[in-house]
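Encoded as C-alpha cells, the structure appears first; notes follow it.
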Amino acid sequence: MATRAEAPIWTERKARWYLRATARGDYADRVLEAIVPLLASARTALDVGAGFGALSLPLAVRLDRVTALEPAPAMAALLREEADRLGIGNVALLGQAWEAAAVEPHDLVLCAHVGELLQPGSSLLRALPTLARRGAALVVDARPGRDKFFFRELYPMLLSRPYRERCGRYLDLLRWLDGQGILANVTQIGYRSDQPFRDLEEACDFWQEYLGLPGEPVREFLRGYLAERLIREGEEWIAPLRKEAAVIWWRTDGGGER
Ligand SMILES: C[S@@+](CC[C@H](N)C(=O)[O-])C[C@H]1O[C@@H](n2cnc3c(N)ncnc32)[C@H](O)[C@@H]1O
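Going by this note's numbering, the residue at position 109 of the sequence shown is 109; the numbering climbs one at a time, nothing skipped.
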C-alpha cells in the first residue's frame with residue numbers, strides 16, 4: 001500500500017497500464033460479489049480514490065448514481081474517457097482529494113487500495129458513520145510477501161536495495177474498527193491482475209518507469225531478463241500477477257446482517 005510520501009505519481013502511461021491490467025482481470029467482479037448485501041440496499045455510492053473507475057463504473061451500472069472522488073488528473077481523465085466509451089452517464093467525478101472535498105452522505109461509501117485513507121484512525125474512517133447512510137466497504141491488500149513484477153529480484157540487482165512491499169495491515173484496521181464498535185465482515189478475495197504488453201519494448205518501458213531507471217544498459221539487461229519471464233499470449237507479452245485482498249464491509253443502518 002502506498003503511503004502519502006510514496007504514492008505513485010499517476011502519469012497517463014501508468015494509468016493506462018493499470019487500466020489494461022484491470023480490464024483483463026476480475027477485480028471488480030470479486031469486490032462487488034463480496035458486498036452484494038450492501039448493494040441490495042444502496043441507490044447511491046461514493047468511491048473515494050476512484051482511480052480510472054475500476055469500481056465506480058461497474059457500480060454505476062447497478063446503482064442510480066455514483067460519485068467518484070479522484071485527485072490525480074491522469075486517472076480522472078481516464079475515468080471520464082472510460083465512462084464515455086461505455087456510455088455511462090450517472091457518475092459524477094470530483095477531481096479532489098478526500099481531505100479537500102465536501103461530499104454529502106451516500107448510501108454506500110467505498111474506498112479501495114488508497115493506503116493513506118485506510119490507515120487506522122484516518123479522517124475518512126472517522127467520517128464513515130455519518131457519510132455512509134447504509135454501508136461502507138474498504139478494500140486492502142491481504143497478502144504481503146508476494147513477488148510483484150519480479151521486484152524482489154530486480155531491486156537488489158538494479159537498485160542495490162531490497163524491495164519493501166507497501167502493504168496495508170488489515171488486521172490493524174479491523175482492530176481499530178472494532179475499537180469504534182464496528183464489527184465488520186471480512187471477505188477474502190483472490191483476483192488476477194496480469195499486466196499485458198504489446199511487445200517486449202513496451203514491457204521494458206514499464207519496468208524502467210517503475211524502477212526509475214532510464215538508459216540503454218538497463219534496457220538491454222531488461223530485454224533479456226523479461227524475455228525469459230514474461231508469458232507469450234498471441235502477440236502480447238504478459239506479466240502474471242495474482243493478488244489477494246480483504247474486503248471489509250459493514251452496515252451503518254443497523255439493518256439486515258452485520
Ligand atoms: C491504487 S489506486 C486505486 C484505485 C481504485 N480505488 C481501485 O481500487 O482500482 C489509488 C487511487 O487513490 C487516489 N488517492 C490517493 N490519495 C487520495 C486521497 N487523499 N483522496 C482521494 N483519492 C486519493 C490516487 O490518485 C489513486 O487514483
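Every residue, glycine too, gets a C-beta built ideally from N, C-alpha and C.
Discussion item. Within 10 Å of its beta-carbon, does Met1 have 16 or more other beta-carbons around it, so buried, or fewer, so exposed?
Written reply: For the purposes of this step, residue 1 is taken as the residue at position 1 of the sequence shown. Low local confidence applies: a pLDDT of 37 at Met1 is under 50, so the model's placement there is unreliable, with the coordinate-based value given in what follows. Burial call: buried.
Worksheet item: Quick one: is the Cβ of His106 within less than 7 Å of any heavy atom of ligand 1?
Response: Here the question's residue 106 lines up with position 106 in the sequence shown. No - ligand 1 has no heavy atom lying nearer than 7 Å to the Cβ of His106.
Worksheet item: Is Glu33 near ligand 1, going by C-beta to nearest heavy atom under 7 Å?
Response: The sequence position of residue 33 within the sequence shown is 33, counting from 1. No; taking the cut-off as 7 Å, the Cβ of Glu33 has no heavy atom of ligand 1 nearer than that.
Worksheet item: Taking the alpha carbon of Gly115 as the point to measure from, which residue in Gly49, Gly224 and Glu233 has its own alpha carbon closest?
Response: By one-based count along the sequence shown, residue 115 stands at place 115. Minimum Cα distance to Gly115 is reached at Gly49.
Worksheet item: From Leu46, Glu220, Tyr163 and Leu171, pick the residue whose C-alpha is nearest to that of Ala97; which is it?
Response: Here residue 97 corresponds to residue number 97 of the sequence shown, with the count starting at 1. Closest by alpha carbon: Leu46.
Worksheet item: Sorted by chain position, which residues of the same chain lie with C-beta nearer than 6 Å to Asp253's C-beta, five sequence neighbours on each side aside?
Response: As a position in the sequence shown, residue 253 is number 253, starting the count at 1. Here the set comprises Arg134.
Worksheet item: Between Glu99 and ligand 1, is the CB less than 7 Å from at least one heavy atom?
Response: Counting from 1 along the sequence shown, the entry for residue 99 is found at position 99. Within the cutoff, so yes.
Fill in: Best match in Val31, Tyr18 and Ala42 for proximity to Ala132 [C-alpha to C-alpha]
On the sequence shown, position 132 is the one that residue 132 refers to. Considering only alpha carbons, the answer is Ala42.
Worksheet entry | Residue(s) in a DSSP beta bridge with Phe197 | In the sequence shown, the residue the question calls residue 197 occupies position 197. The partner list for Phe197 (beta bridge, DSSP) reads Trp237.
Discussion item. Do Val103 and Val247 count as a contact pair if the criterion is CB distance below 8 Å?
Written reply: One-based indexing of the sequence shown puts residue 247 at position 247. One-based indexing of the sequence shown puts residue 103 at position 103. Not in contact: Val247 and Val103 (Cβ atoms no closer than 8 Å).
Practice prompt. Provide the residue(s) that pair with Ile231 in DSSP beta bridges, ordered along the chain.
Written response: One-based indexing of the sequence shown puts residue 231 at position 231. Ile231 is bridged to Ile238.
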